[in-house]
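A.B. asks: full-length UniProt numbering numbers the first residue of the sequence shown as 1 and each following residue consecutively.
C-beta: ideal position from N, C-alpha, C; glycine also.
One structure coming up, written as structure tokens, with questions to follow.
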Amino acid sequence: MDTPDRQLRYFVRIAELKSLSRAAEDLDQTQSGLSRQLAALEAHVGKPLFVRTGRGVELTEAGARLLQGIQPAYRAIDQALEAVRQREGVTQGSVRLATVHTLSYYFMADVVAQFVSSREHVNLSVMGRSSPEVVTLVESGKADIGFVYDAAVASDALASTPLFDDDMCLIVRDGVAAEDGVDLGAMALRLVGFPSHYALRKMIHSAGLQPEFVAEAETIDAMLKLVSSGVGACILPSRIPQKLLTDYGLRQVAIGSPVLRRRVVAITLAQRQPLPLVRELLDCARRIARG
């Protein structure tokens, strides 16, 4: 059973976003369910609180008066709760972590293992996404912290913490004639790559390379499997474990030109102090990045 408090919080979020659909997504509710809760609140108040517009919803006079009365109170409550959590710390709870797929193969596994090893009552949720999707998850509050390439972060709403620089390499099948220091611009590249919205794919084009992409894959394993089948090579971070490449009959070749390098950063919301567990996770990532 939904309480008046929850209905009022729903009302505040709809007013802030000026859209039922965006509020439903933000609150992890269905739009029809959110509409029912709004209707119940309007029935209790006895007046409509919103009017629909071509772009969403706008407050009625009654809605504006209600928002003016309750929004400061809810902000004060949320600030008080966060202040207590900041001061007292937590030894249990949940942390939602979003990361680009590649990092899960050589960085995030160490971070997660070290973080949870001494925090058995903490639930860590890990979401693997593309860089733009990681940014969106953190911006929307659906992830507490994200790990991405810095080129994907162009938002004043986010604070970035540099971790390490990632150099790319060319991945080829064993037996393919290619020596370290290869000039990619002088090659007829046939690549297996990530989809076009991924940061690593954009990096290749921004370096002036125009390879032929013979296949696309959204996971490292799928990409390596395609390369091992002989359809082409791929470009991935040089930190990819050698054992993984060996399992697929592949090897890495150092790239001489152009230099393909990206900085890995951790991102959190800029206007909100990270909760203690998130700060501890960030500290853990910093230690591992330093090596």
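Where do the ends of the alpha helix (DSSP H) carrying residue 300 lie?
C.D. replies: Nothing about residue 300 can be read from this structure; the chain reaches only from 1 to 291.
A.B. asks: Can you tell me whether Leu-260 is helix, strand or coil according to DSSP?
C.D. replies: Position 260 of the sequence shown, counted from the start, is the residue given in the question as residue 260. DSSP places Leu-260 in coil when its eight states are reduced to three.
A.B. asks: Could you check where the beta strand (DSSP E) with Phe-107 kicks off and where it finishes?
C.D. replies: Locating residue 107 in the sequence shown gives position 107, counting from the first residue. Note, Phe-107: premise wrong, no beta strand (DSSP E); not H, not E.
A.B. asks: Please report the distance separating the alpha-carbon of Ser-206 from that of Ala-154.
C.D. replies: Walking along the sequence shown from the start, residue 206 turns up at place 206. Walking along the sequence shown from the start, residue 154 turns up at place 154. In a straight line, the C-alpha of Ser-206 is about 16 Å away from that of Ala-154.
A.B. asks: Looking at the structure shown, is Arg-52 part of a helix, part of a strand, or coil, going by DSSP?
C.D. replies: Here residue 52 refers to the residue found at position 52 of the sequence shown. Of the three classes helix, strand and coil, the one that applies to Arg-52 here is strand, per DSSP.
A.B. asks: Give me whichever residues DSSP pairs with Asp-165 in a beta bridge.
C.D. replies: Residue mapping note: residue 165 aligns to position 165 of the sequence shown, counting from 1. Bridge partners of Asp-165: Arg-263.
A.B. asks: Nearest by alpha-carbon distance to Gly-141: which of Asp-150, Met-108 and Leu-97 is it?
C.D. replies: Counting from one through the sequence shown, the residue named residue 141 turns up at place 141. Considering only alpha carbons, the answer is Leu-97.
A.B. asks: Once the 5 residues before and after Asp-283 are set aside, which same chain residues still bring their CB inside 7 Å of it?
C.D. replies: The residue given as residue 283 occupies position 283 in the sequence shown. Excluding residues within five positions, none has a Cβ falling inside 7 Å.
A.B. asks: Among Pro-211, Pro-4 and Ser-160, which has the Cα closest to the Cα of Arg-279?
C.D. replies: Taking the sequence shown and counting its residues from 1, the one referred to as residue 279 is at position 279. The shortest Cα separation from Arg-279 among Pro-211, Pro-4 and Ser-160 belongs to Ser-160.
A.B. asks: Going by the CB atoms, is the gap between Phe-164 and Glu-191 shorter than 7 Å?
C.D. replies: Numbered from its first residue, the sequence shown carries residue 191 at position 191. Numbered from its first residue, the sequence shown carries residue 164 at position 164. Glu is not the amino acid found at residue 191; the sequence shown has Leu there. No.
A.B. asks: Can you tell me whether Arg-129 is helix, strand or coil according to DSSP?
C.D. replies: Here the question's residue 129 lines up with position 129 in the sequence shown. Three-state result, Arg-129: strand.
A.B. asks: Excluding the 5 residues flanking Gln-71 on each side, which residues of the same chain have their C-beta closer than 7 Å to its C-beta?
C.D. replies: Within the sequence shown, numbered from 1, the residue matching residue 71 stands at position 71. Excluding sequence neighbours, Gln-71 sits near Val-12.
A.B. asks: What residue from Arg-36, Ala-39, Arg-9 and Ala-40 has the CA that sits closest to Asp-26's CA?
C.D. replies: Numbered from its first residue, the sequence shown carries residue 26 at position 26. Comparing Cα-Cα distances from Asp-26 to each of Arg-36, Ala-39, Arg-9 and Ala-40, the minimum goes to Arg-9.
A.B. asks: Report yes if the CB atom of residue 328 is closer than 7 Å to the CB atom of Tyr-106, and no otherwise.
C.D. replies: A question about residue 328 goes unanswered here, because the residues of the chain that appear run from 1 up to 291.
A.B. asks: Might you give, ordered along the chain, the residues of its own chain that have their beta carbon closer than 8 Å to the beta carbon of Gln-271, omitting 5 neighbours on each side?
C.D. replies: In the sequence shown, residue 271 corresponds to position 271, counting from 1. The answer, listed in chain order, is Ala-157.
A.B. asks: I need the DSSP call for Phe-194, collapsed to helix, strand or coil.
C.D. replies: By 1-based counting over the sequence shown, the position of residue 194 is 194. Here Phe-194 sits in coil by DSSP.
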